[in-house]
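**Q** The sequence shown begins at 1 in the numbering used here and counts up one residue at a time.
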Amino acid sequence: MNEFTVANNKSVFNKLYNPIDILRIGLFDLWVANDDRKPTNQNLMLSIDDGGKYTITAIDHAFIFETLGYQHLNPKHFSPSVNDHIILSNLAKIVKRYTNIDASFVKSEKEYFYFCLEESLKNFEKIINNIPIDLGLNNDLTNFLSQFLFDQERNEKVFAEHIYRLSN
């Protein structure tokens, strides 16, 4: 990954199939309170398609939900890390440099974020049912998780923080 971004110019941006994915991974990490993905531990894979473009895939979601037990998640508490976030990586900086982050972009990203939230909520039970029972996720813990992920006030803060990070 670091070798890929060492050029630090538009050629890197142009090699990406969908450069905005790195920014959206940053938004996802804010939403799920991922404590692990950062510039020094990106947890990303790049795969190349037949046309020579790279696709970014996020991996390793072990330290999400503030690394707390689900019963301790509080949607009213939102304090993302200031300096350890994928948006500070070289790759994200390149994408930000060559992306016009204007009102139209913000509107589009907001629509995308809330669409993803709706889809996640709609499929939440199906997703939860795919988690093996022996991992100990019961109905009470599922409710805590749902309240955390789908709290409207928290999600407004998540999106506002995302746009703030993209603008700076």
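For each residue, glycine too, the CB sits at the ideal point set by N, CA and C.
(1) Do the segment 67 to 80 and the segment 139 to 147 make contact, defined as three or more Cβ pairs closer than 8 Å?
(2) Which stretch, first to last residue, makes up the alpha helix (DSSP H) that contains Thr142?
(3) Assuming Phe13 and Tyr98 are in contact, meaning their beta carbons sit under 8 Å apart, how far apart are those beta carbons, in whole angstroms?
(4) How many Å lie between Lys53 and Tyr17 at the Cα?
(5) Considering only C-alpha positions, which residue in the set Ala58, Asp35, Asn41, Asp29 is nearest to Ser47?
(6) Please tell me whether Ile101 and Ser11 are closer than 8 Å, where the distance is taken between their beta carbons.
(7) Which residues in the same chain as Phe148 place their Cβ atom closer than 6 Å to its Cβ, once the five residues preceding and following it in sequence are excluded?
(8) Is it right to say Ile94 is buried, meaning 16 or more other beta carbons lie within 10 angstroms of its own, or is it exposed?
(9) Tell me Tyr54's beta-bridge partners as DSSP assigns them.
(10) Checking 8 Å against the spacing of the C-beta atoms, do Ile128 and Leu137 come in under that value?
(11) Report all residues from its chain with a CB closer than 6 Å to the CB of Thr55; omit the five preceding and five following residues, and keep chain order.
(12) Given a cut-off of 8 Å on the beta-carbon distance, is the pair Asn83 and Asp60 in contact?
(13) Just verifying my parser: in three-state terms, what is the DSSP assignment at Asn9?
(14) What's the call for Ser89, buried or exposed, on a 16-neighbour Cβ count within 10 Å?
(15) With Glu125 as the anchor, note down where its alpha helix (DSSP H) starts and where it stops.
(16) With respect to the alpha helix (DSSP H) encompassing Phe159, which residues constitute its N-terminal and C-terminal limits?
(17) Can you give me the start and stop residues for the alpha helix (DSSP H) that Ile87 sits inside?
**A** Taking the structure as given:
(1) Two segments are said to touch when three or more pairs of C-beta atoms, one from each, lie closer than 8 Å; by this definition the segment 67 to 80 touches the segment 139 to 147.
(2) If you look at Thr142, you'll find it in the alpha helix (DSSP H) that goes 139 to 149.
(3) Right, the Cβ-Cβ distance comes to about 4 Å (below 8 Å), so this counts as a contact.
(4) Approximately 5 Å, taken between the alpha carbons.
(5) Minimum Cα distance to Ser47 is reached at Ala58.
(6) No, they are not a contact pair.
(7) Once the five neighbours on either side are set aside, the close Cβ partners of Phe148 are Leu73, Pro75.
(8) Buried, by the Cβ-count rule.
(9) Note: Tyr54 sits in a beta bridge opposite Leu16, Ile48.
(10) Contact: yes.
(11) Closer than 6 Å at Cβ, skipping near neighbours: Tyr17, Ser47.
(12) Not a contact, by the Cβ cut-off of 8 Å.
(13) Three-state DSSP puts Asn9 in coil, outside helix and strand.
(14) Ser89 is classed as buried because its beta carbon has at least 16 other beta carbons within 10 Å across all chains shown.
(15) Residues 124 to 129.
(16) Following the DSSP letters along the chain, one finds Phe159 inside the alpha helix (DSSP H) bounded by residues 152 to 167.
(17) Annotation for Ile87: no alpha helix (DSSP H) segment contains it, and DSSP assigns it neither H nor E.
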